[in-house]
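In the numbering used here, the protein residues as written are -5 to 83. We put the CB at the ideal spot given by N, CA and C, even for glycine. Since the model is a prediction, treat every value here as computed from it, not as a measurement. Below is one structure, written out as structure tokens, with a few remarks after it.
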């Protein structure tokens, strides 16, 4: 049987543990955001190409405009999310 770890009388826990958890949450948050951006732009390019071929357009209107609209909407959403306070308000 191993000895139990010493009890922290202050109840503060391991120093830096909260910071590690916070860093992991931020990493996961930004990793999720980047994969969402890649998937959204990729799908919009694919749909734009398909729409241009279906409509038989000589200039790739949808291939250019759909990804642009997706990127603009993602930037607007990112600004709204990052302008919130950290306490969730």
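- Setting aside the 5 residues that flank it on each side, residue 32 has no residue in the same chain whose C-beta is closer than 7 Å to its C-beta.
- In terms of CA proximity to residue 61, 43 leads the group 78, 49, 72, 43.
- In this structure, DSSP gives residue 72 a helical state, which the three-state scheme calls helix.
- The C-alpha of residue 22 is placed about 21 Å away from the C-alpha of residue 36.
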